[in-house]
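In the numbering used here, the protein residues as written are 299 to 766. Glycine included, C-beta positions come from ideal geometry on N, C-alpha and C. Here's the structure, in structure tokens; my notes come after.
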């Protein structure tokens with residue numbers, strides 16, 4: 299079935315079932331997304347005060363066949379949080395921000411889905427623990443959305459994706475039933491893992507309202523270095539050297555084009571090298587007390603320099619210098635936005651396939667048109683952001699008609715090497731066609747069967763992940 303719209307009469311009926319302050323005015327913030335690809339519509343914006351009220355909204359939607367689009371922090375990059383169809387209920391968990399409990403001795407905390415990631419990080423830090431999920435939007439992204447998209451970020455290499463950091467969830471299913479799954483257990487072999495079914499489902503199978511999250515001992519020493527490498531192959535060899543020494547939390551690949559864009563767009567960051575290298579890496583360590591991270595990074599540089607893997611480098615000698623190096627890395631997406639991308643791609647590949655992919659795909663694209671390619675991202679876990687831009691002085695509008703052709707070249711090359719067209723951003727509405735083209739038929743059939751079984755009316759985020 300296809301979910302319907304919230305009519306004015308139904309909106310009034312819904313209002314009568316909600317607590318004061320739950321029904322809110324709809325501003326443009328809730329109907330837009332960061333890349334400006336879609337402009338959403340909604341019949342009502344509802345911000346429930348607790349899980350029971352979320353369940354009330356879902357039961358109402360199920361009874362009347364009205365679509366629901368969950369809204370977290372609005373930071374998703376594939377359109378999962380906006381709908382252009384009908385007049386759905388836009389359900390925001392922004393009022394459900396509580397830290398329900400922290401158990402340092404268990405390395406566990408329980409938080410509500412509306413909690414902002416930066417607040418969760420601070421709560422862990424206050425308990426002398428680390429919640430390692432870290433990404434550029436952590437000041438606005440919320441835990442429910444991060445779990446619903448199985449977010450990645452810079453620390454996946456060491457700690458895993460959002461899925462790996464979650465022990466249990468509380469959620470409201472499409473029927474309006476509440477799933478009470480906030481167990482703080484590492485081992486629980488009691489049937490189907492509904493938690494992992496909901497994580498990464500982008501709100502199409504239910505709404506996560508709270509989560510039990512894994513914490514880790516807080517590293518006593520943090521170290522960061524940026525090193526110049528000759529090629530992505532040398533970067534992979536350097537990664538192996540770094541992992542052999544231990545303590546690697548993040549390992550980021552940055553192209554010379556990324557650095558040139560920072561200068562071209564006037565981003566206020568310090569570039570550590572006098573001339574722009576074609577490739578460099580950002581290495582981050584987290585080490586226990588008694589181990590000097592700067593000294594370890596200097597040893598890594600010396601070993602790699604002697605082995606011909608690196609040509610230059612800087613090791614942060616203070617927290618301010620660490621901040622400057624990371625500010626450079628985190629400023630790349632904003633510089634990209636200012637230049638104006640023809641196409642942005644979030645891909646992953648087996649590590650050994652990356653050098654060959656970059657060479658072959660780059661040559662194929664440049665044979666099609668004059669363009670600039672900016673590659674950066676989480677080399678340590680195989681996730682690259684592979685973005686295309688017009689030549690200097692050109693306009694992305696000149697390439698708009700061929701953007702899908704370029705993307706197809708990239709996706710085909712990724713698929714041929716056993717990679718994924720969506721590494722950490724999800725499918726949303728943007729990549730539904732790509733999932734249909736590249737997805738395993740048996741997996742897609744199973745996904746559709748699960749959707750039909752749990753959400754027979756199709757009310758949960760229709761059009762996201764699976765075509766309506």
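- Residue 381 sits away from residue 364, with the two beta carbons spaced by 7 Å or more.
- For residue 684, the enclosing beta strand (DSSP E) has its first and last residue at 681 to 687.
- Within the same chain, 415, 416 come within 6 Å of residue 436 by CB-CB distance, once the 5 residues on both sides are set aside.
- With respect to the 7 Å criterion, residue 618 and residue 521 are not classified as neighbours on the basis of their beta carbons.
- The segment 345 to 353 makes contact with the segment 464 to 480; the number of CB pairs closer than 8 Å reaches 3 or more.
- Residue 570 is classed as buried because its beta carbon has at least 16 other beta carbons within 10 Å across all chains shown.
- Within the segment 603 to 682, the complete alpha helix (DSSP H) segments of 4 residues or longer fall at 617 to 637, 652 to 666, listed in chain order.
- Every unbroken stretch of the beta strand (DSSP E) spanning 3 or more residues and falling wholly within the segment 501 to 528 is given here in chain order: 505 to 512, 519 to 527.
- In this structure, 458 is the residue among 439, 458, 447 with its C-alpha nearest to the C-alpha of residue 430.
- Taking all protein chains in view, the Cβ of residue 688 is crowded by 16 or more other Cβ atoms within 10 Å, so the residue is classified as buried.
- For the set 680, 686, 555, the Cα lying nearest the Cα of residue 638 is the one of 686.
- In this model, residue 590 and residue 519 are separated by some 7 Å (Cα to Cα).
- Ranked by Cα distance from residue 612, the first of 720, 527, 645, 584 is 527.
- Residue 705 counts as buried, since at least 16 other C-beta atoms from the protein chains shown sit within 10 angstroms of its C-beta.
- Considering only 312, 335, 331, the residue with the shortest C-alpha distance to residue 343 is 312.
- Ranked by Cα distance from residue 451, the options 748, 493, 676 are led by 676.
- In the three-state reduction of the DSSP assignment, residue 547 falls in the strand class, which pools E and B.
- Pairing residue 581 with residue 549 gives a Cβ-Cβ distance under 7 Å.
- Judged by their CB atoms, residue 497 and residue 557 are not nearer to each other than the 7 Å cut-off.
- Excluding residues up to 5 positions away in sequence, 434 lie with their Cβ nearer than 7 Å to the Cβ of residue 631 in the same chain.
- Between residue 633 and residue 565, the beta carbon gap of about 5 Å places them in contact (Cβ cut-off 8 Å).
- Between residue 698 and the set 720, 572, 669, the nearest pair of CA atoms involves 669.
- Nearest C-alpha to residue 462 among 427, 509, 487, 471: 509.
- The three-state reading of DSSP puts residue 600 in helix, counting H, G and I together.
- Bridge pairing for residue 316: absent [DSSP].
- By the beta-carbon neighbour count (other beta carbons within 10 angstroms, threshold 16), residue 323 is exposed.
- Residue 586 is classed as exposed because its beta carbon has fewer than 16 other beta carbons within 10 Å across all chains shown.
- Closest by C-alpha distance to residue 694, out of 635, 713, 374, 454, is 635.
- Between residue 645 and residue 712, the C-beta gap is smaller than 7 Å, which places the two residues in contact.
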